[in-house]
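Under the numbering used here, the residue at position 118 of the sequence shown is numbered 118, and the numbers go up by one with no gaps.
Written out below as structure tokens is the structure these notes cover.
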Amino acid sequence: MGYEEEVQKDVKRAAGVYTGVGVLMILLGAFAVLIPNVASWGMTVLIGWILVIGAAFLFAWSFTAPGALNVIARIAWSILTLGAGLFLLINPDKGAKALTLILIIYFLASGVVRLGAAFAQRGIRGAGWLGLSGALSLIIGLIFLVDYPQSADWAIGLLVGIDLIFGGWTLILLSQEAKSEVLEE
1 MGYEEEVQKD VKRAAGVYTG VGVLMILLGA FAVLIPNVAS WGMTVLIGWI
51 LVIGAAFLFA WSFTAPGALN VIARIAWSIL TLGAGLFLLI NPDKGAKALT
101 LILIIYFLAS GVVRLGAAFA QRGIRGAGWL GLSGALSLII GLIFLVDYPQ
151 SADWAIGLLV GIDLIFGGWT LILLSQEAKS EVLEE
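And the structure:
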């Protein structure tokens, strides 16, 4: 088997993996969209664990700092990180509310900034898409804000689910493109 045939075989094999992972992501995304409260809770707990584990690494890293003041600052950083992680783990409902509030601020602020940038760039190709993106971000932020704190039950899970679905479709489309390129050659 020549090099070209090996590459074609590898692309076909990788395309199958892309398709499989894409389908799995779509299924997980659909689960998150259909049961967003469970997905929101799960993401809050996951972020909590990430912070707790990160705090352990930060604490260990603290003792490599030169000088007592640097060590104390790093230990304080690790304690704050641990506290945030434990808060999310012990109070996932309150944690989801805090995370949703951060998302609301992010969507509102990024929507305003993108709308402003689109307005400043009006007449330039693509500015309309930037404006549409900003408007959608602003609308999402307002929807979450109007329903806050109840939106904390579903907002994170819904966003993660939508992202997983789009990511899954992207992988499937990439795998189809890879297969068609191999077949054309």
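Just so you know, even glycine gets a beta-carbon here, dropped at the ideal spot from N, CA and C.
Keep in mind it's a predicted model, so treat the numbers as computed, not measured.
Taking 8 Å as the cut-off, the Cβ atoms of D147 and S40 do not count as close.
Looking at the backbone, the Cα of G95 and that of Y3 are separated by about 53 Å.
Going by DSSP, F59 is part of the alpha helix (DSSP H) stretching over P36 to S62. Judged by DSSP secondary structure, N70 falls within the alpha helix (DSSP H) whose first and last residues are A68 to I90.
Assignment of Y148 by DSSP, reduced to helix, strand and coil, places it in the coil class.
A straight-line Cα-Cα distance of about 24 Å links Q176 and F31.
Taking C-beta separations shorter than 8 Å and ignoring five residues to either side along the sequence, the partners of L138 in its chain run F107, L108, G111, V112 and L115, following chain order. Straight through space, the alpha carbons of G131 and L142 are spaced by roughly 16 Å. The C-beta distance from A84 to L51 rounds to 5 Å, short enough to fall under 8 Å. Less than 8 Å divides the Cβ of L164 from the Cβ of G29. In the structure shown, R13 adopts helical secondary structure according to DSSP, grouped into three states. With a cutoff of 8 Å on beta-carbon distance, I26 and W169 are scored as near each other.
Distance from the CA of V21 to the CA of G167, rounded to the nearest whole angstrom, comes to 10 Å. Collapsing the DSSP output to three states places R114 in a helix.
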